[in-house]
Structure formats: structure tokens, C-alpha cells
Amino acid sequence: MIESYVLILAMLMLGLCLAAISMPRLKGVLRLSASMMFLSVAMTVQIYSSVNPSVAFVISEVLLLIGFALLDDTMTRFLELPVAERWVDALLFFACLSYTGYSMWIGLNQRSRLGVLILALCIQSVRSGVKLLMRAPVFLRMPARFLAGCFFLFASFSVFRLIVPVLQGTFPAPALQGGQLTIDAAARLSKVVLLCASVAFGYLWMAALQLSRELDALSLTDPLTSTMNRRGLEMRLTRELKRARLNETRISLIALDVDHFKTINDRYGHHAGDVALVAFSNAMMEMLRPADSLGRFGGEEFVAILPGTNEDGARLVAQRLRERLRTLQFEFDLSMHLTASFGVAQCDLDDTEITALRRCDKALYAAKQAGRNCVVAYSQTTT
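Residue numbers for the sequence shown follow the working numbering, beginning at 5 and rising by one.
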């Protein structure tokens, strides 16, 4: 039976290694497979421990402690938490080895050594579970709860198997018979295998969610300016319009277009144009509030979403942006100053993202017709 558990762990380790090779963006998979390796080797040592049971116990104890420490370290690094609690691993490691050496020196039964080891593994499991519950980001909450539940179940069952026999006057421990572990030991090792399988599943679940989130972010982000692209902008505007209708608040848009941008590309090259767009977008992001959103609508045209702002407030923001952009300087031409045309529109509560953007675009077109480098509100185009 124990050989089957070792084989299961070996297959998990091999599968994780292959996953890491084929998908290099999966972080920490090799570290997770290393923990499986330590645990499987610990079980193998227990199987063939007839020559010197005490030495075999020490070796398997060391491997189990390292394997569980690696499990916790994998979760810590995946969640990008500071690795500042390694002293706990070191304390448990030396405490277990010290007690094992002391018990062997005074001739205590191996059962007490096993109890201390199980308690140390339970502490590691509870620590990992608490970390997952308390520190995992919101989008990873479901797999994190699953993993935390697996760690807590492992600790609960292990402690239960220690406490109940103690109350009955015995202590649970494998009795070495002919180099083989008893069925009781196999039951304990089966929990380790189930924990490892659950951790591998939960970890890959978290990794898949994170990769999906990163891909979604890339599909909604403009690669040059790191602002939202047109698709991301429309999706954000749709959400903000729904929120405005629900809360009965105002929301306004600012559409802006860099004046005569083609002359920059023609005179200095496309690289200079890219540099100008990046500086342009960074300057706008500095001027906007955290609640505001900025997206590149296309080419040199940008749109800012201003929740909780009416048309007059948006016009003031646009004027400050216009003045800020004129102060930008560029290494390829220190004498050059960018200007932009601004169109401002307040959204109606029954607007869709299409009608809202159309209204704002009309105001921008009016600003260009008025001579550029100015701010025009949509209400001015209808009077």
C-alpha cells in the first residue's frame, strides 16, 4: 500500500515538472514538485527502514519537515508575500531534531518522537492555511479557501489521531515489523498523499486564475501608454454608467486629441511620436484622480472618464490638463510644446457607452473646428 502512495507522489512530481517545462509562466511549480520529491523520498525511507529504524526515522523526519516547509514557501512566494517567517521553519526543524536526539539518548519509545513530528507538521499546515485565508487577493479567494481547508483538515485529522489514543491510554505510532510500516502508519501517510494532491490541484487552480487575469489585463491595456485600450475603455464606461444610474450620480467624459501629431512623426520619426504619447498619457494620469480612468481611444486620441463630475467640473479639469500638457518638454526638441483639443460632455442617465462617446466626440470635433488648443463642452455645440 505504501508503495502505491510513493508512486502517486512521484507521478504528481513528474506531472508538475512537465507542467513547469511546458508552461514557464507558471510560477513556483518546480518548488512545489521539489516538496513532493522530499515527501516521496521520506516515504521510501520509511518503507526500507529495517536495517536501522532510528536512522531511517531521523532521515524521514528531516525530509518531511523540509517538504512541508517548501509547501508553505511555495504559497508565500506565489502570493508575493515577504519571506520573513523562515525562523518558524528553522525553529520547528531544530526542535524536532533536538527532541529526537534527546529521546534516542535516554531511550524513549519512538512513539513520542512521532508525536512531536506530527505536531510540527500540523503547525506548518495551520500556518499555511491561515496565510492563504488572510493574505490571498480577492480574485484568488475561492481556490485559497479550498487550499486552506485542505491544510486545516490534515491538521485536524492528525491531531485527532494523536489525542484519542492518548485518552485511551495508548499513543498512535507505526510499529516497525520486518522493515515495513503497519496499516496505522499507512493511514497517516495516506493523509500526506491526499494533502499533496489537493495542494497540487489548488495551486494549479490559483495559477490558472492568475494567468487568466493577466491575459484579461493585457487584452484591455494599450501596450504603448499602459492606459486602457478602446475595448477596456468601453467596458469601464459601461460599468461606470451602470453605477451612476444606480446611485443617481453624474459622470462626465473628456475626449482629447493631440494637435498636429502627424508632423511629429514626419519630422522626428515614429519613435519620437511614441515618446510624446507616453509623456502625454503620463502627464494626464498625474492630473486625474484615482477614481478617474484614462484610455487611448485610437492613434493620438484619449478619453478620460470622470465619475461624480458634472460638465462644469470636467471643463475645469480639461483646462488644467491643457495647461499641463503645454509645459511638457522632449529631448528630441526642447523647443517643441504639445497642444491638444478637448471635448467635454456630461452623460445622461439613459446613455449607453456608444451615445456617451458620440456626444463627447462631437464636442472634440467642435474644439478642432474652433482652432484647436481649446476646450469645448457639448452643451456649447447645441446652443
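Even glycine gets a Cβ: it sits at the ideal position worked out from N, Cα and C.
Please read all numbers here as calculations on a predicted model, not as lab measurements.
Same chain, Cβ closer than 6 Å to residue i, five either side skipped, listed in chain order
i	result
Y103	V120
G105	none
Q184	Here Q184 scores only 40 on pLDDT, less than 50, and its place in the model should not be relied on; the value that follows carries that caveat. Answer for Q184: no residue qualifies.
V49	A60, I63 and S64
K372	S345
T231	S285, L298, G299 and R300
W209	P147
R117	T104 and S107
L260	F306, A344 and F346
Neighbourhood of residue i by C-beta distance below 8 Å, restricted to the same chain and skipping five residues each side
i	result
S202	F150, L151 and C154
D3	It is not possible to answer for residue 3, since the shown part of the chain is limited to 5 through 387.
K385	The question names Lys, but residue 385 is Thr in the sequence shown. Answer for T385: K366, A367 and A370, listed in chain order.
L20	V33, L34, L36, S37, M40 and A204
A24	L30, V33, L34 and S37
F334	A276, V279, A280, A283 and M340
T269	At residue 269 the sequence reads Asn, which differs from the Thr that was named. A276 and G277, listed in sequence order.
Beta bridge counterpart(s) of residue i as assigned by DSSP
i	result
Q350	S256
E315	None; E315 has no bridge partner.
E290	Answer is none; E290 lacks a bridge partner.
A344	V262
E305	D261 and G302
Simplified DSSP state of residue i, which is helix, strand or coil
i	result
A295	coil
R300	strand
A177	Because A177 sits at a pLDDT of 44, beneath the cut-off of 50, its placement in the model cannot be relied upon, and the following sentence gives the value as read from the coordinates. Here A177 sits in coil by DSSP.
L34	helix
L310	strand
T186	Note that T186 scores a pLDDT of 44, beneath 50, so its modelled location is shaky; the value from the coordinates is reported in the next line. Correct three-state label for T186: coil.
F336	coil
A140	coil
M27	coil
P86	coil
T331	coil
R376	coil
Span of the beta strand (DSSP E) around residue i
i	result
F82	Looking at the DSSP string, F82 is not in any beta strand (DSSP E); the run it does join, the alpha helix (DSSP H), is P57 to F82.
V380	V379 to A381
Endpoints, the alpha helix (DSSP H) within which residue i is located
i	result
F394	Because the chain here runs from 5 to 387, residue 394 falls outside it and cannot be looked at.
R363	E357 to Q373
Cut-off 7 Å between Cβ atoms - residues of its own chain near residue i, not counting five sequence neighbours on either side
i	result
M291	R324, L325 and R328
R376	D263, T343 and S345
L83	R139 and A140
N233	L224, T225, D226, G299 and R300
C126	A159, S162 and V163
D337	Y272
D354	none
R319	V348, V379 and A381
F3	Given that the chain is displayed from residue 5 to residue 387, the structure contains no residue 3 and the question cannot be resolved.
R131	D76 and V92
Those runs of the alpha helix (DSSP H) which lie wholly inside the segment 206-276 and span at least 4 residues: 234-251 and 265-272
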